[in-house]
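In my numbering, the protein residues as written are -16 to 232. Structure, as structure tokens:
Below is the structure:
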């Protein structure tokens, strides 16, 4: 089977007549609000039609059609049913002007990934509803540190783990924590509960005045942002201090 010449998704080219070229509005002339890639970046994949998503996968159309037009044709022939699309063979897809082997395999690979995702189970998020659980979560990464490090643990409203971020890597006796960075991580992750933790390489779990001041600043920022500040832990090799458990938060 001969290969069809394809062009970039934003610049379909070919043997069209001058009148056809004048009538045809190529993707690069669309408004940014309608271009598939720009639309997906701005609004997310859930805002896209199946044809637009398929066009992004194909990247380019044919000499006569943009990638979106080619995707619409393909979906129309599948009765707009993605399950039918996923059952097509590479040869059937390659019978369309503008779809070669690489595009055909990309489409089928995406369909197969979608099928496997449906069969996959979401991993159970770790429960971090107590100081002991937060300590056990962090201890493996902090147990052998010879300098101070600070972490923020981000959780959802059920105290389930979302993300753990290292905020700073400091000296032997202290490390700086930017409250703004803590809030930024919480907001971008969508966390409603956070916990702060840092280690004391000296082995002492006794909080310093700086530790107390940091706890107050984080608590104040969380109050403004309506984020629950669950705890501030001082971690050592084998033990911890919890501001929440000690009634200091």
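Quick reminder that beta carbons are idealized off the backbone N, C-alpha and C, glycines included.
Asked                                                                                                                                          : Found
Contact between the region 87 to 105 and the region 196 to 203 (3+ Cβ pairs under 8 angstroms)                                                 : no
Coil, strand or helix - residue 182 by DSSP                                                                                                    : strand
Given 8 angstroms, three or more beta-carbon pairs between the region 91 to 103 and the region 201 to 217                                      : no
Contacts around residue 121, its chain only, beta-carbon distance under 8 angstroms, and the 5 residues preceding and following it disregarded : 134, 136, 147, 180, 216, 218
The region 72 to 84 contacting the region 34 to 48, beta-carbon criterion three pairs below 8 angstroms                                        : yes
For residue 147, the three-state DSSP class (helix, strand or coil)                                                                            : strand
Assigned exposure category for residue 49 - 16 Cβ within 10 Å defines buried                                                                   : buried
In DSSP terms, what residue 152 is bridged to                                                                                                  : 132
Selection from 205, 57, 190, 160 that minimises the alpha carbon distance to residue 170                                                       : 205
Neighbour-count burial assignment, residue 63, 16 or more Cβ in a 10 Å radius                                                                  : exposed
DSSP state of residue 213 mapped onto helix, strand, coil                                                                                      : strand
Through-space distance from residue 124 to residue 151, alpha-carbon basis                                                                     : 14 angstroms
Sequence-distant residues of its chain with Cβ nearer than 8 angstroms to residue 34 (five each side left out)                                 : 51, 54, 55, 58
Of the residues 164, 109, 167, the one placed nearest residue 139, counting alpha carbons only                                                 : 109
CB of residue 207 within 8 angstroms of CB of residue 177, strictly                                                                            : no
Residue range of the beta strand (DSSP E) that includes residue 223                                                                            : 222 to 225
Residue nearest to residue 261 in terms of C-alpha spacing, selected from 191, 185, 22                                                         : Given a span of -16 to 232 for the chain in the structure shown, any question on residue 261 remains unanswerable.
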